[in-house]
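The listed protein sequences correspond, in order, to chains R and Y. Residue numbering for the first sequence is 1 to 456, as defined by my numbering. Residue numbering for the second sequence is 1 to 456, as defined by my numbering. Notes follow the structure.
2 protein chains.
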Amino acid sequence: MNDVYTDTIAALATAPGEGAISVVRVSGPQSLMIADRIFSGKGAPPSQQPANSFKHGFVSGADGVADEVILLLYHAPHSYTREEAIEIQGHGGSAAAQRILRAVLDAGARLAEPGEFTKRAFLSGRIDLLQAEAVIDLIRARTDRAAQSALEQLSGTLSLSFGHLYDTTLALAADLETTLDFSEDELPESVTNDIEAKLKQLESEFKTLLSSWHEGHLLREGALVVIAGKPNAGKSTLLNALLGKDRAIVTSLPGTTRDTIEEQMVINGFPVRLTDTAGLRESTCEIETAGIRRTRDTLSHAELVIYLIDGSAPRDPYDSDQLTALHKKSVITAVSKSDLINNDTYQPSAPDQSVIYISAIKNDGITELKRQIIAKLGIHEGAHHQATISERHRRLLISAHKDILESTLLLSRSTPEPALAASRLRLALETLGEATGRIYHEELLNNIFARFCIGK
Amino acid sequence: MNDVYTDTIAALATAPGEGAISVVRVSGPQSLMIADRIFSGKGAPPSQQPANSFKHGFVSGADGVADEVILLLYHAPHSYTREEAIEIQGHGGSAAAQRILRAVLDAGARLAEPGEFTKRAFLSGRIDLLQAEAVIDLIRARTDRAAQSALEQLSGTLSLSFGHLYDTTLALAADLETTLDFSEDELPESVTNDIEAKLKQLESEFKTLLSSWHEGHLLREGALVVIAGKPNAGKSTLLNALLGKDRAIVTSLPGTTRDTIEEQMVINGFPVRLTDTAGLRESTCEIETAGIRRTRDTLSHAELVIYLIDGSAPRDPYDSDQLTALHKKSVITAVSKSDLINNDTYQPSAPDQSVIYISAIKNDGITELKRQIIAKLGIHEGAHHQATISERHRRLLISAHKDILESTLLLSRSTPEPALAASRLRLALETLGEATGRIYHEELLNNIFARFCIGK
Numbered sequence: 001m002n003d004v005y006t007d008t009i010a011a012l013a014t015a016p017g018e019g020a021i022s023v024v025r026v027s028g029p030q031s032l033m034i035a036d037r038i039f040s041g042k043g044a045p046p047s048q049q050p051a052n053s054f055k056h057g058f059v060s061g062a063d064g065v066a067d068e069v070i071l072l073l074y075h076a077p078h079s080y081t082r083e084e085a086i087e088i089q090g091h092g093g094s095a096a097a098q099r100i101l102r103a104v105l106d107a108g109a110r111l112a113e114p115g116e117f118t119k120r121a122f123l124s125g126r127i128d129l130l131q132a133e134a135v136i137d138l139i140r141a142r143t144d145r146a147a148q149s150a151l152e153q154l155s156g157t158l159s160l161s162f163g164h165l166y167d168t169t170l171a172l173a174a175d176l177e178t179t180l181d182f183s184e185d186e187l188p189e190s191v192t193n194d195i196e197a198k199l200k201q202l203e204s205e206f207k208t209l210l211s212s213w214h215e216g217h218l219l220r221e222g223a224l225v226v227i228a229g230k231p232n233a234g235k236s237t238l239l240n241a242l243l244g245k246d247r248a249i250v251t252s253l254p255g256t257t258r259d260t261i262e263e264q265m266v267i268n269g270f271p272v273r274l275t276d277t278a279g280l281r282e283s284t285c286e287i288e289t290a291g292i293r294r295t296r297d298t299l300s301h302a303e304l305v306i307y308l309i310d311g312s313a314p315r316d317p318y319d320s321d322q323l324t325a326l327h328k329k330s331v332i333t334a335v336s337k338s339d340l341i342n343n344d345t346y347q348p349s350a351p352d353q354s355v356i357y358i359s360a361i362k363n364d365g366i367t368e369l370k371r372q373i374i375a376k377l378g379i380h381e382g383a384h385h386q387a388t389i390s391e392r393h394r395r396l397l398i399s400a401h402k403d404i405l406e407s408t409l410l411l412s413r414s415t416p417e418p419a420l421a422a423s424r425l426r427l428a429l430e431t432l433g434e435a436t437g438r439i440y441h442e443e444l445l446n447n448i449f450a451r452f453c454i455g456k
Numbered sequence: 001m002n003d004v005y006t007d008t009i010a011a012l013a014t015a016p017g018e019g020a021i022s023v024v025r026v027s028g029p030q031s032l033m034i035a036d037r038i039f040s041g042k043g044a045p046p047s048q049q050p051a052n053s054f055k056h057g058f059v060s061g062a063d064g065v066a067d068e069v070i071l072l073l074y075h076a077p078h079s080y081t082r083e084e085a086i087e088i089q090g091h092g093g094s095a096a097a098q099r100i101l102r103a104v105l106d107a108g109a110r111l112a113e114p115g116e117f118t119k120r121a122f123l124s125g126r127i128d129l130l131q132a133e134a135v136i137d138l139i140r141a142r143t144d145r146a147a148q149s150a151l152e153q154l155s156g157t158l159s160l161s162f163g164h165l166y167d168t169t170l171a172l173a174a175d176l177e178t179t180l181d182f183s184e185d186e187l188p189e190s191v192t193n194d195i196e197a198k199l200k201q202l203e204s205e206f207k208t209l210l211s212s213w214h215e216g217h218l219l220r221e222g223a224l225v226v227i228a229g230k231p232n233a234g235k236s237t238l239l240n241a242l243l244g245k246d247r248a249i250v251t252s253l254p255g256t257t258r259d260t261i262e263e264q265m266v267i268n269g270f271p272v273r274l275t276d277t278a279g280l281r282e283s284t285c286e287i288e289t290a291g292i293r294r295t296r297d298t299l300s301h302a303e304l305v306i307y308l309i310d311g312s313a314p315r316d317p318y319d320s321d322q323l324t325a326l327h328k329k330s331v332i333t334a335v336s337k338s339d340l341i342n343n344d345t346y347q348p349s350a351p352d353q354s355v356i357y358i359s360a361i362k363n364d365g366i367t368e369l370k371r372q373i374i375a376k377l378g379i380h381e382g383a384h385h386q387a388t389i390s391e392r393h394r395r396l397l398i399s400a401h402k403d404i405l406e407s408t409l410l411l412s413r414s415t416p417e418p419a420l421a422a423s424r425l426r427l428a429l430e431t432l433g434e435a436t437g438r439i440y441h442e443e444l445l446n447n448i449f450a451r452f453c454i455g456k
């Protein structure tokens, strides 16, 4: 497919801003010709140099020397795009890089669109669409664990899983289509039974892959963890204690409302969006009621609620009511000010293993709380390098899964419909093909590569 | 000097933030050993690969694959630092680069200090101190012209100029010292005269080099251009017209006072800090008087004042008074609203070539105004690639120049003092040596390299 492209693209490939080195990347059939035109160094011109070598020299443009550079030479198909390609490493900062880029564009390249290098890598068949998506996930990764997951996907693990689903579905569709050549009497029942069994096995494989979405979603978007409880229960202190122990605070975002503050932190390699809320209590004050309404709204979106009970205050049935109201959510019950608990204050009604006692002052219980946050979010402990599916993959899998289920139903009818079942499988195949890019259309590619930065 | 370093340094060399590519740079005797330890790819281990080649593969650390990378191999002395060195090109974004850096540090490197790679390049003798300073100037360059000037300095033009001053001074000091072996009677007068003439020639070379400071200063810091004039003369409109025509607005900075607004723009490759001021007029209002005081303060720091006269209003002697008061500054007189000038309004007292008539509405005179700004700032038109001296160089040159002058005076006395004159020249030599780094001390290096970013 490589010969589709007759033009050569170029872009700054390093992040803008002050750095020691910047890299301008060029790909396409004219790459080496452009190198010959703008580069001067010792020895033979770039196009006569061996592949996978680099040279020190100077890039010159219309107004003289653009920068002192290192020129990297890639020969097709041994490059990111499988095309002829060069990379020009110059001084960091914007001015030098812009001078190099201008010289390259003046010599015949055009500015690349976002993700166009990776798009060419996909269209040349070097990587599939799942791997292309992993590239931008890796660049965007905010935590080590997210980077690991993206690397796993880049290496092709997810492609293998999807490939297996595709191949199995394809084989079953073919098997079904074969049965159509026979009359119902001729066909031994064992054949249909065998196909049905295989379809059920396939279904469960769909479910396994679908289950990785949750972890991937948390890795990409971060989990929303809300701290709730009565006013003065110690929610803000707990927020600070959680943040203060972990140096990986990413940024402090002002909440959408005056009453909720969102902080980002990393627990066990996972990004967590930690939100403090206005205290929950019945109120006749209009403003406070509005604040509490917002709190309930935040609670409804929470992946996890930490409900905090004031350990230094007498037991209040209000807390139990709130916990009952939250029964549909994933909740950790925590008792604050554990150093102040005595016979007059909070007493658990029964020895409750699931309650965590914390003292922000003594730093008691914070580590245990973090451990439970990870556990309750359904994240596996420790480093494990598993590719996870994205929202796009999930949508495709759900759709294909539905077709597989339909197909199974059509076969298990009192009068089986193998022709309809087979066409359902063909539909599932088309959907699955969109995941890896076996089947693609321009709009799909545009949607995927629009997420990329220029230069990748 | 290379063998002074037994440790290997590493740092992220690309700007932080989202980009397609990031580069981790490693330099020092253990570089190739570290590459062997953390890199896996096809073929022989990195240390067995040819210099100036790159390989595709994977970097692995304690917790598995850190990233898919391109590894560049430099063999001493053909590297930036003249040491063994590697560069590891990985995916952009922070997570992947940090994973690579961690693997490198775990394998035996230590994190580099700011500018430490360039410091090693200087200490190894690959570049002098002037060239090292050009590296950071190039990275910091905000305009093309600043980048050109830094490139010129990097190529050694300024080093040649300083070298010439040094060599000439050294030769003259030696000549003078030779005369000390003779009694006054033995020495032909022509010898002393010759030395005196050469000293005067040297002096003028100092002056030429010193004169490049002005342009360098403007390139590095930007020129402060202040728009002044009576209220309603059209100052803000002019500011907008100047900015609007030029897309290279860098940023809008709120002024230090409510009454002055600073905008950054680029004219003819030069960064200009354009400041609008409160209108100048006598006032009894306390707040307005305070604003005008600030305006006068801004005016006193201006590199250039554009004094704007309202062309649609009757001639006002106040404007002439203000222009008289500004006689010590570099001033451009401009008449606004030139489309409204008629017999009842502003009339130049005599055909005045130096006045520029502008109409922001008709966009008349703006280009000419820009041309005059550049001319009045003493900047040469068009692209010329000249290295310019910095504040540090200027200080050294002034000090050495003073010693040359003293030396000349000592020789031209009725009783010449060649011994004292020679020792003055030796002082000048020491000062000049500090510019290129022939003579250096730890504090000097620390001051220079502290300006660098990590990774350069």
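We put the CB at the ideal spot given by N, CA and C, even for glycine.
Proximity test, Cβ basis, 7 Å: residue i and chain R
i       : result
G90(Y)  : no
G28(Y)  : no
V272(Y) : no
D259(Y) : No answer about D259(Y) holds up, because its pLDDT of 49 lies below 50 and its placement is not dependable.
V23(Y)  : yes
L129(Y) : no
L239(Y) : no
L32(Y)  : no
Nearest residue (CA-CA) to residue i, options the options
i       : options                          : result
R395(R) : I374(R), G433(R), E417(R)        : G433(R)
P29(R)  : L187(R), G108(R), I88(R), A66(R) : G108(R)
I292(R) : D310(R), Q322(R), I309(R)        : Q322(R)
For residue i, the three-state DSSP class (helix, strand or coil)
i       : result
K245(Y) : Any reading at K245(Y) must be qualified, since the residue scores a pLDDT of 46, below 50, and its modelled position is unreliable; the value itself is stated next. Looking at K245(Y) - three-state DSSP - the assignment turns out to be helix.
A85(Y)  : strand
H214(Y) : helix
Y74(Y)  : strand
D364(R) : strand
D297(Y) : helix
D167(R) : helix
L409(Y) : helix
V401(Y) : The identity of residue 401(Y) in the sequence shown is His, whereas the question assumes Val. Note: H401(Y) maps to helix in three-state DSSP.
G222(R) : coil
H393(Y) : helix
K329(Y) : coil
A350(Y) : Annotation note: pLDDT 49 at A350(Y) (below 50); position unreliable, coordinate value reported separately. Residue state, collapsed to three classes: coil.
D310(R) : strand
Y318(Y) : helix
G229(R) : strand
G41(R)  : strand
F162(Y) : helix
Within chain Y, partners of residue i - CB distance below 7 Å
i       : result
F54(R)  : N52, F54, L72
D144(R) : A95, R99
CB contact check: residue i to chain Y, cutoff 7 Å
i       : result
A134(R) : no
V266(R) : no
G93(R)  : yes
A147(R) : yes
H65(R)  : Here residue 65(R) is Val; the residue named in the question, His, does not match the sequence. By this cut-off, V65(R) is an interface position.
Paired residues, beta bridge with residue i - DSSP
i       : result
M265(Y) : V272(Y)
A10(R)  : V26(R), L111(R)
Per-residue contacts from residue i into chain R (C-beta, under 8 Å)
i      : result
E18(Y) : A15, I139, R140, C453
Proximal residues of chain Y, C-beta to C-beta of residue i below 8 Å
i       : result
D106(R) : Per Cβ cutoff of 8 Å: no residues; D106(R) is ~14 Å from chain Y at best.
Where residue i meets chain Y, residues with beta-carbon distance less than 9 Å
i       : result
K456(R) : G19, A20, I21, H91, G92
E113(R) : By Cβ distance, chain Y contributes nothing, its closest Cβ being about 13 Å from E113(R), past 9 Å.
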